[in-house]
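J.:
Number of protein chains: 2
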Amino acid sequence: MKIDPSSPADLSVQIADAIRDAIVSGDLIVDERLPSEPELADQFNVSRPTVREALKRLGAQSLIRTQRGATGGAFVNRLSYTDAYDQQVTTATLLLSMNAVSFETACEARYALERACAPLSAQRSTSDHIATMRTEIFRQGQPGLTDEAFCASDVAFHRALVDGAGNPVLSYQLAGAVEAMQPLMNMITFTARSREAIIALHTTIADAIEAGDGPATVDGLNALETETLKLAKSVFDAKTRKKPEAG
Amino acid sequence: MKIDPSSPADLSVQIADAIRDAIVSGDLIVDERLPSEPELADQFNVSRPTVREALKRLGAQSLIRTQRGATGGAFVNRLSYTDAYDQQVTTATLLLSMNAVSFETACEARYALERACAPLSAQRSTSDHIATMRTEIFRQGQPGLTDEAFCASDVAFHRALVDGAGNPVLSYQLAGAVEAMQPLMNMITFTARSREAIIALHTTIADAIEAGDGPATVDGLNALETETLKLAKSVFDAKTRKKPEAG
DNA sequence: GACTTTTAAATGTCAGACAAATGAAAATTG
DNA sequence: CAATTTTCATTTGTCTGACATTTAAAAGTC
Chain A
1 MKIDPSSPAD LSVQIADAIR DAIVSGDLIV DERLPSEPEL ADQFNVSRPT VREALKRLGA
61 QSLIRTQRGA TGGAFVNRLS YTDAYDQQVT TATLLLSMNA VSFETACEAR YALERACAPL
121 SAQRSTSDHI ATMRTEIFRQ GQPGLTDEAF CASDVAFHRA LVDGAGNPVL SYQLAGAVEA
181 MQPLMNMITF TARSREAIIA LHTTIADAIE AGDGPATVDG LNALETETLK LAKSVFDAKT
241 RKKPEAG
Chain B
248 MKIDPSSPAD LSVQIADAIR DAIVSGDLIV DERLPSEPEL ADQFNVSRPT VREALKRLGA
308 QSLIRTQRGA TGGAFVNRLS YTDAYDQQVT TATLLLSMNA VSFETACEAR YALERACAPL
368 SAQRSTSDHI ATMRTEIFRQ GQPGLTDEAF CASDVAFHRA LVDGAGNPVL SYQLAGAVEA
428 MQPLMNMITF TARSREAIIA LHTTIADAIE AGDGPATVDG LNALETETLK LAKSVFDAKT
488 RKKPEAG
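Those protein sequences? They're chains A and B, same order as listed.
Numbered according to the working numbering, the first sequence spans residues 1 to 247.
Numbered according to the working numbering, the second sequence spans residues 248 to 494.
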């Protein structure tokens, strides 16, 4: 592993890339210990702070973990589903909030992906998953529930639906799509009537999954997408009327 | 923004988290300049190297960018689709390779997600997208093509299919699913006959999309999934016979 | 042999310094 | 006065050297 001191790129970036490549290519395997910071500094011909900055970059991506003490050091980390899930949610949330993605676009993506899970969920959901959905539906019907809590419960419901597919890769991929929409959903005021409509559709979907009926689940999701879009449209229309475009 | 020096967590982690929270919550907006490193060190009551380590963490996630010079500094970065896409691919690839995800599981997730795009792609694909698919199909039929090049072309074909849905959020979400499978696909030896079968199915899918026929596209993807699984199974069975399980 | 103490190695943090880049202000020039 | 060049202050990038803290293994003690 060599780096180029005359490159315009920062040394710490070059070092981080070099180590990342070694991990991705398999030259460094899971749980393998990297050389100590002074050793790395020696190998790359840089100072220890520079090495440390590179290691922090890798740590931020959960590619390595560090441990203090006599037998400590930096170790190649086994990227867990939880780590990947968290990164996915953070990235997706920021992507949506920073790029002014329209509610329609985000919603379309999310429901398209959820429909992809529906047949598998209908086929494989365990009683645990279905119980979670029922619990969340019940919670959504509780009076006095704030809009935020309602949204959080909505996310939990959809997570159960997705997890019901029994495919961890699918769950991971959908984490971003479902959770990243929460901030957008939080902008919506849910009237008692709209909550009722959503709860009814959630019930339809849960029933379809319990019955192992994939197509009915898809139908339910379609109806829910339509309802969500309608609701968002009415909210955003109201805002636009209040505060018309300038210029 | 305050941090707790007595906390077990590293100071640089606490600082990175504090700044990340400020970005995610909107306290720091896009293109806003953070205080200079010495100023941050002062505010958090830590040394400059510690601040720098925190900034490198954020830089690794593309949350900030830094610029040298008089008017330089660290700025809140607008997370681009490209950045998010790259992170997504890296994370998904490592997740699959480090967790020994079975080919079946990854394949199932990928095709489930692609089927989610199919109706939208059939409806919206431009001539550009279709031309790309045709080009890749042609390339896949070229004699002398290596297995790796065949896989790369396969990925390009599927990317065009996904992008045809005209939803950038969907494209981003699927980037990981499609590209992360490439290393798994690269383990497969594609015989002339299996290539023919895949090319035929690609043609079927391209035709269905050009005809605007969503259900036919889904059918094509289903057939392709079956074919891919069959192919992988024969390859892995052969390997297992050669090198039987120890223990 | 079981327990305690010491020790060495590693990361975490700090302080101060210099190098390099960069834009703005100041000086110079026509 | 306008245009150009020079100077300069600011900021990040990097280095050196040091100390603090954590941790497990080694040494010592009963």
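We treat Cβ as the ideally placed atom computed from N, Cα and C, and that holds for glycine.
Nothing here was measured: the structure is a model prediction, and the numbers come from that model.
Reducing DSSP to helix, strand and coil, say where A175(A) ends up.
T.: It is helical.
J.: Can you have a look at E395(B) and say buried or exposed, based on whether 16 or more other CB atoms are within 10 angstroms of its CB?
T.: exposed
J.: Show which residues of chain B have a CB atom less than 7 Å away from the CB atom of K56(A).
T.: S259, E300, K303, R304
J.: Give the interface partners of V101(A) over in chain B, defined as CB-CB distance under 7 Å, in chain order.
T.: V416
J.: Please report the Cβ distance between R304(B) and S259(B), rounded to the nearest whole angstrom; I am assuming they are in contact, meaning their Cβ atoms lie under 8 Å.
T.: 7 Å
J.: If we ignore side chains and look at the alpha-carbon of each, how far apart do G316(B) and L310(B) end up?
T.: Between G316(B) and L310(B), the C-alpha separation is close to 20 Å.
J.: Looking only at C-alpha atoms, which of Q290(B), V277(B), T438(B), V271(B) sits nearest to G388(B)?
T.: Among Q290(B), V277(B), T438(B), V271(B), the Cα nearest to that of G388(B) is on T438(B).
J.: Can you pull the DSSP bridge partners for A321(B)?
T.: T313(B)
J.: Could you tell me the alpha carbon to alpha carbon distance between L233(B) and Y111(A), rounded to whole angstroms?
T.: Residue 233(B) falls outside the range modelled here, since chain B spans only 248 to 494, and no answer is possible.
J.: Are the C-beta atoms of Q314(B) and some chain A residue less than 7 Å apart?
T.: no
J.: Go through its chain and collect everything with a Cβ distance to A122(A)'s Cβ below 7 Å, but skip five positions before and after it.
T.: A208, I209, G212, D213, G214, T217
J.: Can you check DSSP and say which residues form a bridge with R33(A)?
T.: F75(A)
J.: Can you check whether the CB of Q334(B) is closer than 7 Å to the CB of T91(A)?
T.: yes
J.: Could you work out which residue in S6(A), S7(A), A41(A), P8(A) is closest to Q19(A) when comparing CA atoms only?
T.: According to the sequence as given, residue 19(A) is Ile; it is not Gln. Of the candidates S6(A), S7(A), A41(A), P8(A), the one whose C-alpha sits nearest the C-alpha of I19(A) is A41(A).
J.: Less than 7 Å between CB atoms is the rule here; does R325(B) satisfy it with respect to chain A?
T.: yes
J.: Can you give me the Cβ contacts of E279(B) inside the same chain, cut-off strictly under 8 Å, excluding the 5 residues immediately before and after it?
T.: F322, V323
J.: Between which two residues does the alpha helix (DSSP H) containing I334(A) stretch?
T.: Chain A is shown from 1 up to 247; residue 334(A) falls before or after that span and cannot be answered.
J.: What's the gap between the Cα of D401(B) and the Cα of M434(B)?
T.: 14 Å
J.: Let me know if Q173(A) comes out buried or exposed under the rule of 16 or more other beta-carbons within 10 Å of its beta-carbon.
T.: buried
J.: Using a C-beta cutoff of 7 Å, does G247(A) count as contacting chain B?
T.: Residue placement at G247(A) is flagged as unreliable, the pLDDT there being 37, under the threshold of 50; the coordinate-derived value follows with that caveat. Output row for G247(A): interface = no.
J.: Alpha carbon to alpha carbon, how far is A444(B) from T451(B)?
T.: 11 Å
J.: Determine the DSSP secondary structure at A356(B), reduced to helix, strand or coil.
T.: Three-state DSSP puts A356(B) in a helix.
J.: Does the Cβ of I29(A) have 16 or more other Cβ atoms within 10 Å, making it buried, or fewer, making it exposed?
T.: exposed
J.: With A470(B) and I377(B) assumed to form a contact (beta carbons below 8 Å), what rounded beta-carbon distance in angstroms separates them?
T.: That pair is no contact at about 19 Å.
J.: So, does the CB of V402(B) fall closer than 7 Å to a CB anywhere in chain A?
T.: Not one chain A Cβ lies under 7 Å of V402(B).
J.: How about Y328(B) and P430(B): are their beta carbons less than 7 Å apart?
T.: no
J.: Taking its Cβ as the centre, do 16 or more other Cβ atoms sit within 10 Å of G494(B), making it buried, or is it exposed?
T.: Unreliable positioning characterises G494(B) in this predicted model, as indicated by a pLDDT of 37, which lies under 50. The coordinate reading is nonetheless provided below. Exposed is the call here.
J.: Let me check understanding here. Comparing Cα to Cα, which of K233(A), A84(A), E39(A) lies closest to S194(A)?
T.: K233(A)
J.: Suppose the cutoff is 6 Å on Cβ atoms and the five residues either side in sequence are ignored; what does the same chain contact list for M133(A) look like?
T.: F157, A160, A206
J.: What's the call for A485(B), buried or exposed, on a 16-neighbour Cβ count within 10 Å?
T.: exposed
J.: Give the residues from the segment 362-379 of chain B that approach chain A closer than 7 Å (Cβ to any Cβ), ordered along the chain.
T.: R362, A363, C364, L367
J.: Whole angstroms are fine: how far does the CA of I199(A) sit from the CA of L145(A)?
T.: 13 Å
J.: Quick one: which unbroken alpha helix (DSSP H) runs of 4-plus residues sit fully inside the segment 106-163 of chain A? Chain order, please.
T.: 127-141, 147-163
J.: Reducing DSSP to helix, strand and coil, say where M434(B) ends up.
T.: coil
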